[in-house]
Each structure stands twice: as structure tokens, then as C-alpha cells.
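S.K.: For the sequence shown, our numbering assigns the number 137 to the initial residue and increments by one for each residue that follows.
Think of the CB as a built atom: it goes at the ideal place given N, C-alpha and C, for glycine as much as any other residue.
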Amino acid sequence: MELRKSYFADVRQNGLNEIGQPRPRLDSPGHVTGKTAYFADRNFPGMLHLKMVRSPHHHARIRSIDTSEAEKHPGVVKVLTAKDVPHNVYTILILIQIGPEDETVLADGKVRWKGEAVVAVLAETERAAQEAAAKVKVDYEVLPAVFDMEEALKPGAPLVNEYHGQNYYLYDSGECRKVRFGDVEAGFGQADHILEQSYQSSPIEHAPTETTGCVVAPEGNDRFTCYTNTQAMFFTLDNASIILQMPGSKLHFVGGTVGGGFGGKVDVIVEPIAILGAKLTGRPVCFIYSREEEMQISSPRAAEKVVIKDGVMMDGRIVARKVTGYTDAGAYSRHSPYGAQKGAAHYPGPYTIPNVWIDTYCVYTNRTPSSAMRGFGVTIGDFALEVQMDKLARLIGMDPLEFRFVNAYRDGDMKAHRQPTEGAALIECMQEASRAANWPVAEKYMAMSSYTKGA
Numbered sequence: 137m138e139l140r141k142s143y144f145a146d147v148r149q150n151g152l153n154e155i156g157q158p159r160p161r162l163d164s165p166g167h168v169t170g171k172t173a174y175f176a177d178r179n180f181p182g183m184l185h186l187k188m189v190r191s192p193h194h195h196a197r198i199r200s201i202d203t204s205e206a207e208k209h210p211g212v213v214k215v216l217t218a219k220d221v222p223h224n225v226y227t228i229l230i231l232i233q234i235g236p237e238d239e240t241v242l243a244d245g246k247v248r249w250k251g252e253a254v255v256a257v258l259a260e261t262e263r264a265a266q267e268a269a270a271k272v273k274v275d276y277e278v279l280p281a282v283f284d285m286e287e288a289l290k291p292g293a294p295l296v297n298e299y300h301g302q303n304y305y306l307y308d309s310g311e312c313r314k315v316r317f318g319d320v321e322a323g324f325g326q327a328d329h330i331l332e333q334s335y336q337s338s339p340i341e342h343a344p345t346e347t348t349g350c351v352v353a354p355e356g357n358d359r360f361t362c363y364t365n366t367q368a369m370f371f372t373l374d375n376a377s378i379i380l381q382m383p384g385s386k387l388h389f390v391g392g393t394v395g396g397g398f399g400g401k402v403d404v405i406v407e408p409i410a411i412l413g414a415k416l417t418g419r420p421v422c423f424i425y426s427r428e429e430e431m432q433i434s435s436p437r438a439a440e441k442v443v444i445k446d447g448v449m450m451d452g453r454i455v456a457r458k459v460t461g462y463t464d465a466g467a468y469s470r471h472s473p474y475g476a477q478k479g480a481a482h483y484p485g486p487y488t489i490p491n492v493w494i495d496t497y498c499v500y501t502n503r504t505p506s507s508a509m510r511g512f513g514v515t516i517g518d519f520a521l522e523v524q525m526d527k528l529a530r531l532i533g534m535d536p537l538e539f540r541f542v543n544a545y546r547d548g549d550m551k552a553h554r555q556p557t558e559g560a561a562l563i564e565c566m567q568e569a570s571r572a573a574n575w576p577v578a579e580k581y582m583a584m585s586s587y588t589k590g591a
């Protein structure tokens, strides 16, 4: 690693001891010697194992649930359904006032995606819990399902989530998050060329080495310790408190060591029901996803579709950009409304464009609920934007790196969401990339600065 001190020398602090220096990770010795303790390393006397009965259908009404045979299975201690959960309908972003509550801990009256949790079985052994779960009888009335975002937005499409009343998240700006800057139609009118392209991605599973799970131990006096691999400790604790209608002071969460997460372990999907099982039985409870569950049940990166229309001049200036983005939330919100909103702010890209129009939709379908994954809401958009930039450069016969120099935002430029650019350093990053990649550009671009337009 090399720290280039020639850039921004007038504002750089000297005497820094950490920045620019290689440092060993503090947790590395434990990992390579096998001494690191993970949540599943905890084993308590009398610990019960929790297994879920999950929906085999993408969309269905639950006519009835019969748990009688499961309850009689040897080793079964407790069977839980929706009526046992104190606050069964929730949404994890309610902590930051993003509602409505739209997801059930255990399905109540309806399932909206294949794999949705319906019944929880707690037994003395993992095998007994699995065998008993197979004996639960659920009578379903299969309903029409929708899997395509644009189909879901059409009139007459099956309604995925009644808590919303329509197949999209309703922002304060309406059916989509909107950004308006300048006059995009006037920009297209003056452009020498117009290019419109569509880009699409599929859901992406995190596939962590360690599957999602937790171990809960009663501590007496209605207090519980939850050993978990969540990536969002206090987020999970607060949501568990709401779902269980228990004060947070009664819950002690222990974590910090995650065997692979990448954003996939920020959803509150195992801790509340495991704590409830421990509370109702008075015994420790272990709830760990199988590999099959991890692949099917845990939230993936959302499928996205991005439609970009650009107006460009022959001298390389982009004068108009219109983007319509679609984020597939699956059956429930989780983090997707936030992800789609991030996309709206990001879609203009790190470029100064005088006329911008952005619409981003968070769409509900009967697919596995999606959520966070490294840069969610931005990563797929970046792919689309930068491929579009290459196509635009090719369209006007310009070097793609020089094309980016022409349009790169600099300090003081107003972004489309009306925030002035500060500390951009994009020009300098591209200059170093040019040198490192041995990709020569004209000297005028190497003389540019992020500070001013004229340099």
C-alpha cells in the first residue's frame, strides 16, 4: 500500500500514525489458531433444538394448521404458532420510522413466499424437531403469485402484501423515490446523441461459511442471554424487544464474531423466536439454519432493473440523464425501501450532469425477501452506470477514461439531490488509475484538479 502525499498537501495532516500503515487484524490470531469462539460453540445442559415448518408455496392462504401429531412426537417439548408471538407483525426498519409493519414472525392466515416460517417446533434433539416438523399438517389454498417486478406493478396483478395495499412501497414522494434536477427534456432536446439501455440483475446469495443462527439461555428473573451471529447487534436487540414485548434490559445479546456476513445477517429472523422458545419452556434453545435454509430462506441481494437514458454532446458532456430503477423487495420490506432510496441518490453517478430525472421503485413480489448485501442499492446501479459510460464514450468516439474526466464532479459542483460536492478527489483517483493501468490520457486531463473547474 502506498500513500500519495503529493495530493491535497495543503489540507493533509502530518504525523498520522495509522493511515497509510499496514496493521494486522486483531482477530487474526484467534481465527488461524482455531481459538475464536462462535455462537454455535455454546452448549448448555438441557438445550432444545428449534426447527421451522416452512411454506412449500409462493403464495397461499392458510386454511388450517394441525400440530397434534407433532406435539405427540417423542422428544417434542413445545410447538409455536402465530398466536404465541406477542407482537407477530413487524418490520425491522420501524426503529428509524420506516413502516408500515408488514412481516409476520410466524405466518398468520397467509404465506407470501416459498420458505416462509409457519410453525416452530422445539425438541430435545435436532432430529426429533425435524421429524416432528414433518408431521405438522397445514391446509393451504394456493393463490396466484407474481415474480416479475414490472408485472407486479401492472393493474390487476396479484396483491402480494396487504399491509401495503399495493405492490410497491409508498414513499412520501409517491409510488417511487423521485429526484428532479434541471429540465431533463430540454437536455435531451439539445443533445447530439441519445442512448437508452436497460440493465438487469438476479438475486445474489451471500453464502456465508457459517449459517444464520443463535443460542439462547435463560438467566432467571425473566432475563435471557442470546449468543448470535447478527451483524447488527443493537438493531436486533431492539427489534426482538418489540416483537417479544419485553424491555431491552431483560435481553443480553452477545456477538461480534460472524463467520461470514456481507450484509446477510442484519435481518432479525432467528433471535426473537428462539428467545420466545426459551421463555415458554424455561430451557436453552438453539436455532441454526441448515445450508439449504441459508440458501433459500436468508435474504439475498435484491434483483434489480435499471433503465438509463442519456443525452450526450459530441464534446463528451452528458447534458441529460433519466433513470428508472426497480428493486425487488420480495414479499416484505426489510431493508429494501432504504436500498431503493440509496439508488435514487446515487444513480446520477459521480458526474456533474445539469439535467437529471430519477424514479426508483421498491416492488413487492412473491420471492424471498431481499435485504442488505455490500453496498446494496448502489452496487448494481454502479455496474449499470459505468457500462453505460463506456457505451456513451464509444458512441461519440471518445476514450472512456477521458470521457469520465470530462464529466467527473469536482468540489463545489451541485449534485442532483442538491448537495454540494465536497472532498471529491475523483479526478486525482482517475489520474492515479491512469498511471497504474498504463492507460495514457491527454496531458490536459492529468493537469486537472478536483478543486476547480478551470484547472
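(1) By alpha-carbon positions, which one of 494, 297, 381, 434 ends up nearest to residue 346?
(2) Which whole-angstrom value describes the C-beta separation of residue 527 and residue 333, a residue pair presumed to lie in contact below a C-beta threshold of 8 Å?
(3) Using a 10 Å radius around the Cβ and a threshold of 16 neighbouring Cβ atoms, would you call residue 231 buried or exposed?
(4) By how many angstroms is the C-alpha of residue 217 removed from the C-alpha of residue 465?
(5) Report the three-state DSSP secondary structure of residue 385 (helix, strand or coil).
(6) Below 7 Å CB to CB, which residues in the same chain sit around residue 524 once its five sequence neighbours on both sides are set aside?
(7) Compute the Euclidean distance between the alpha carbons of residue 162 and residue 170, then round it to the nearest angstrom.
(8) Let me know if residue 370 comes out buried or exposed under the rule of 16 or more other beta-carbons within 10 Å of its beta-carbon.
(9) Where residue 482 and residue 574 are concerned, what is the direct C-alpha to C-alpha distance, given to the nearest angstrom?
(10) Quickly, what does DSSP pair residue 435 with across the bridge? List them, please.
(11) Between 385, 562, 571, 569, which has its C-alpha nearest residue 587's C-alpha?
(12) Exposed or buried, what is residue 179 when buried is set at 16 or more other beta-carbons lying within 10 Å of its beta-carbon?
(13) Please report the distance separating the alpha-carbon of residue 191 from that of residue 243.
(14) DSSP puts residue 352 in a beta bridge; with which residues?
(15) Going by the CB atoms, is the gap between residue 176 and residue 340 shorter than 8 Å?
(16) Got a sec? Which residues, its chain only, sit under 6 Å from residue 317 by beta carbon, not counting five neighbours each side?
(17) Check whether the Cβ atoms of residue 281 and residue 502 sit closer than 8 Å, and answer yes or no.
(18) Residue 367 to residue 298, Cα distance in whole Å?
(19) Would you mind reading off the limits of the alpha helix (DSSP H) that contains residue 627?
(20) Please state whether DSSP places residue 565 in a helix, a strand or coil.
(21) Helix, strand or coil for residue 580? Go by DSSP, reduced to three states.
(22) Residues in the same chain with beta-carbon distance under 6 Å from residue 577, minus the five sequence neighbours each way, listed in chain order, please.
(23) Just tell me which of 263, 252, 262 has its CA closest to the CA of residue 405.
(24) Quick check: the segment 351 to 364 against the segment 198 to 211, are there 3 or more CB pairs under 8 Å?
(25) Does residue 277 come out as helix, strand or coil in the three-state DSSP assignment?
M.R.: With the given structure in hand:
(1) 434
(2) The Cβ separation is near 7 Å, so the contact holds.
(3) exposed
(4) 25 Å
(5) helix
(6) Excluding the 5 residues flanking it on each side, residue 524 has same chain C-beta neighbours closer than 7 Å at 333, 444, 446, in chain order.
(7) 14 Å
(8) exposed
(9) 29 Å
(10) Residue 435 is not bridged to any residue.
(11) 562
(12) exposed
(13) 9 Å
(14) Beta-bridge pairing links residue 352 to 362, 421.
(15) no
(16) 492, 552
(17) yes
(18) 30 Å
(19) This structure cannot settle anything about residue 627, because the visible part of the chain is limited to 137 through 591.
(20) helix
(21) helix
(22) So the list reads 537, 538, 570, once near-sequence residues are dropped.
(23) It is 252 whose Cα lies nearest to the Cα of residue 405.
(24) no
(25) strand
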